[in-house]
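Asker: Submitted below is the structure of interest, expressed as structure tokens.
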Amino acid sequence: MKAVVVHAPDRVEVVERPAPVPGPGDLLVAMRAVGLCGSDTTAWYVATKAPAVLGHETAGVVVEAGPGVTAFRPGDRVFVHHHAPCGSCRACARGDSVMCPAWKPNRLDPGGLAELVRVDAAAVAADTLKLPDGLGFDDGALVEPLACAVKAVARARVLPGDSVLVVGTGSNGVLLGLLARRAGAARLLGSDPDPARRRLALGFGFDEVFDPAEPGLPARVRGATGGGGADAVLVVPTAEQAVQAAVASAAPGGRVVFYSPVSPDAVWRLAPSEPYFRDLTLAFSYSSGPAETRAALALLEEGVVSARRLVTHRLPIERAAEAFRLARAGGEVLKVLVEIGP
Ligand SMILES: [Zn+2]
Ligand SMILES: [Zn+2]
218 MKAVVVHAPD RVEVVERPAP VPGPGDLLVA MRAVGLCGSD TTAWYVATKA
268 PAVLGHETAG VVVEAGPGVT AFRPGDRVFV HHHAPCGSCR ACARGDSVMC
318 PAWKPNRLDP GGLAELVRVD AAAVAADTLK LPDGLGFDDG ALVEPLACAV
368 KAVARARVLP GDSVLVVGTG SNGVLLGLLA RRAGAARLLG SDPDPARRRL
418 ALGFGFDEVF DPAEPGLPAR VRGATGGGGA DAVLVVPTAE QAVQAAVASA
468 APGGRVVFYS PVSPDAVWRL APSEPYFRDL TLAFSYSSGP AETRAALALL
518 EEGVVSARRL VTHRLPIERA AEAFRLARAG GEVLKVLVEI GP
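Under the numbering used here, think of the first position of the sequence shown as 218, with each following residue one higher.
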């Protein structure tokens with residue numbers, strides 16, 4: 218079978234390797250659509266795993282069910298999560314699926330960007346979801362990134378009437394914005410240095426999208442929110458300047474949620490006096506688990522988010538290297554999908 222081995226975001230090769238064999242409780246899934254995530258094209262992040270078969274925004278068809286599997290059968294169209302919690306430890310009881318000790322060791326074999334993928338029994342039990350008839354594989358590939366956005370927007374406690382600022386309006390920023398609006402954001406603001414992305418965000422319903430390269434983002438956010446600032450700020454980029462501007466844009470009592478994986482070398486300087494006396498809540502939101510993937514699937518079924526609008530580029534697995542190039546390009550490129558099979 219074909220699999221995509223990533224050495225670095227700009228060194229991607231399609232290789233032949235033996236298909237995995239499902240064990241008891243496992244599924245063998247023929248991948249049909251795999252989305253590329255920002256992390257897949259972030260050099261430091263890829264370096265922690267490379268060489269590896271990446272790809273964790275997945276949808277496909279069950280081709281074989283291992284011994285003992287009763288919930289799925291060949292022909293089922295599914296989303297499969299690349300990690301799965303045990304469901305019974307203390308972290309799981311708190312709902313912190315991503316902090317379950319079993320979560321990371323349970324992973325797709327060999328990874329999503331392959332023609333055939335073995336889904337571990339734990340992931341079959343905890344976080345494999347049948348796709349409803351109305352949803353395509355391209356929608357199924359949005360379950361995982363949308364689930365991460367569901368978690369982040371919940372963590373930002375967006376309430377009806379809130380002003381919300383999304384920093385970075387690529388595909389993740391668009392998802393965060395759509396969910397913030399659905400949670401009741403009365404004013405939806407964005408910020409992105411890329412003019413194409415600013416324009417695209419307006420098409421997704423953002424009220425105003427600023428260029429952070431122009432000075433005074435916090436003042437412009439206050440100007441657009443009646444002087445108060447943003448009640449919730451969702452931050453996709455990890456550059457220090459973007460983080461500082463995001464925190465300074467928050468309203469008194471506001472919540473600031475940092476969305477993306479941060480390099481171990483990153484240091485953010487923050488003068489804490491202002492955030493303290495404005496009683497801000499600063500939080501991270503890392504990945505997502507079974508509760509959020511189910512919520513994401515329901516949102517896709519409702520049509521709150523659709524691949525038709527978010528996916529801008531689709532390439533066959535043979536052209537995976539080009540797909541990675543596109544995903545790094547920015548501009549008009551939002552979600553890039555690798556399509557596999559017939
Ligand atoms: Zn991701
Ligand atoms: Zn657990």
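Cβ atoms here follow ideal geometry from the backbone N, Cα and C, with glycine treated the same way.
(1) Are the CB atoms of residue 251 and residue 287 within a distance shorter than 7 Å?
(2) Does the contact criterion of 3 or more C-beta pairs under 8 Å hold for the stretch 457-470 versus the stretch 392-399?
(3) Is residue 288 close to chain C? Criterion is C-beta to C-beta, closer than 7 Å.
(4) Give, in chain order, every unbroken run of the alpha helix (DSSP H) that is at least 4 residues long and sits entirely within the stretch 282-359.
(5) Which residues are close to ligand 2, meaning CB closer than 5 Å to any heavy atom, in chain order?
(6) Can you say whether residue 490 is buried or exposed, counting buried as having 16 or more other CB atoms within 10 angstroms of its CB?
(7) First and last residue of the alpha helix (DSSP H) that includes residue 543?
(8) So the beta strand (DSSP E) residue 407 belongs to, where does it begin and stop?
(9) Starting from the C-beta of residue 331, find all residues in its chain whose C-beta is less than 6 Å away, skip the five residues before and the five after it, and write them out in chain order.
(10) Out of 502, 440, 541, 462, which has the shortest C-alpha to C-alpha gap to residue 485?
(11) Please state the DSSP three-state secondary structure of residue 432.
(12) Buried or exposed: where does residue 493 fall if 16 or more other Cβ atoms within 10 Å of its Cβ makes it buried?
(13) In the DSSP assignment, the beta strand (DSSP E) including residue 238 goes from what residue to what residue?
(14) What is the DSSP secondary structure of residue 373, counted as helix, strand or coil?
(15) One question on the structure: do residue 548 and residue 418 come within less than 7 Å of each other, judged by their Cβ atoms?
(16) Beta carbon of residue 256: closer than 6 Å to some heavy atom of ligand 1?
(17) My assumption, with CB atoms under 8 Å, is that residue 537 sits in contact with residue 555. Please give the rounded CB distance.
(18) Quick check on residue 352: buried or exposed, where buried means 16 or more other Cβ atoms within 10 Å of its Cβ?
(19) Considering only DSSP beta bridges, list what residue 248 is partnered with.
(20) Leaving out five residues on either side along the sequence, give the residues of the same chain with a beta carbon under 8 Å from the beta carbon of residue 376.
(21) Nearest to residue 257 by alpha carbon, out of 316, 545, 381?
(22) When you compare each of 326, 471, 338, 320 to residue 372 by their alpha carbons, which one comes out closest?
(23) CB residue 246 to CB residue 341, shorter than 7 Å?
(24) Could you have a look at residue 494 and say whether DSSP puts it in helix, strand or coil?
(25) Any idea what DSSP makes of residue 448, helix, strand or coil?
(26) Go through its chain and collect everything with a Cβ distance to residue 254's Cβ below 7 Å, but skip five positions before and after it.
(27) Whole angstroms are fine: how far does the CA of residue 326 sit from the CA of residue 334?
(28) Quick check: residue 283 and residue 239, are their CB atoms within less than 7 Å of each other?
(29) Verify whether the separation of the beta carbon atoms of residue 163 and residue 476 is less than 7 Å.
(30) Rounded to a whole number of angstroms, what is the C-alpha to C-alpha distance between residue 435 and residue 446?
(31) By the DSSP assignment, the beta strand (DSSP E) with residue 220 in it spans what residues?
Answerer: According to the structure data:
(1) For this step, residue 287 is matched to residue 70 along the sequence shown. For this step, residue 251 is matched to residue 34 along the sequence shown. Contact: no.
(2) no
(3) Note that chain C does not occur in the displayed structure, where there is just one protein chain.
(4) 307-311, 338-344, 354-357
(5) 302, 303, 306, 309, 317
(6) In the sequence shown, the residue the question calls residue 490 occupies position 273. Burial call: exposed.
(7) Within the sequence shown, residue 543 is the residue found at index 326, counting from 1. Run containing residue 543: 537-544, per the alpha helix (DSSP H) assignment.
(8) Walking along the sequence shown from the start, residue 407 turns up at place 190. Residues 404-408.
(9) One-based indexing of the sequence shown puts residue 331 at position 114. Result list for residue 331: 220, 270, in chain order.
(10) To locate residue 485, count along the sequence shown from 1; it is residue 268. The option with the nearest alpha carbon to residue 485 is 462.
(11) Taking the sequence shown and counting its residues from 1, one reaches residue 432 at position 215. DSSP places residue 432 in coil when its eight states are reduced to three.
(12) On the sequence shown, position 276 is the one that residue 493 refers to. Residue 493 is exposed by the Cβ-count criterion.
(13) Here the question's residue 238 lines up with position 21 in the sequence shown. Here residue 238 belongs to no beta strand (DSSP E), and DSSP marks it neither H nor E.
(14) As a working mapping, residue 373 is identified with position 156 in the sequence shown. Looking at residue 373 - three-state DSSP - the assignment turns out to be coil, as it is neither helix nor strand.
(15) Taking the sequence shown and counting its residues from 1, one reaches residue 548 at position 331. Taking the sequence shown and counting its residues from 1, one reaches residue 418 at position 201. Against a cut-off of 7 Å, the Cβ pair of residue 418 and residue 548 comes out as no contact.
(16) Locating residue 256 in the sequence shown gives position 39, counting from the first residue. Result yes, Cβ under 6 Å from ligand 1.
(17) Locating residue 537 in the sequence shown gives position 320, where the first residue counts as 1. Locating residue 555 in the sequence shown gives position 338, where the first residue counts as 1. With a beta-carbon spacing of about 6 Å, residue 537 and residue 555 fall inside the 8 Å limit used to define contacts.
(18) Mapped onto the sequence shown, residue 352 falls at position 135. It counts as buried.
(19) On the sequence shown, residue 248 is found 31 positions in, with the first residue counted as 1. Its beta-bridge partners are 277.
(20) Along the sequence shown, one-based indexing puts residue 376 at 159. The residues are 400, 401, 448.
(21) Within the sequence shown, numbered from 1, the residue matching residue 257 stands at position 40. Closest option to residue 257, Cα to Cα, is 545.
(22) Indexing the sequence shown from 1 puts residue 372 at position 155. Per the Cα distances, 471.
(23) Stepping through the sequence shown from its first residue, residue 246 is reached at position 29. Stepping through the sequence shown from its first residue, residue 341 is reached at position 124. Not closer than 7 Å, so no.
(24) The sequence position of residue 494 within the sequence shown is 277, counting from 1. Here residue 494 sits in helix by DSSP.
(25) Taking the sequence shown and counting its residues from 1, the one referred to as residue 448 is at position 231. Correct three-state label for residue 448: strand.
(26) Counting from 1 along the sequence shown, the entry for residue 254 is found at position 37. Result list for residue 254: 273, 274, 362, in chain order.
(27) What you label residue 334 is simply residue 117 of the sequence shown in a count that begins at 1. What you label residue 326 is simply residue 109 of the sequence shown in a count that begins at 1. Their Cα atoms are separated by approximately 6 Å.
(28) By 1-based counting over the sequence shown, the position of residue 283 is 66. By 1-based counting over the sequence shown, the position of residue 239 is 22. Judged by their CB atoms, residue 283 and residue 239 are nearer to each other than the 7 Å cut-off.
(29) Outside the displayed range of the chain (218 to 559) lies residue 163, so it cannot be described from this structure.
(30) Mapped onto the sequence shown, residue 435 falls at position 218. Mapped onto the sequence shown, residue 446 falls at position 229. Whole-angstrom Cα-Cα distance: 7 Å.
(31) One-based indexing of the sequence shown puts residue 220 at position 3. Residue 220 -> beta strand (DSSP E) spans 219-225.
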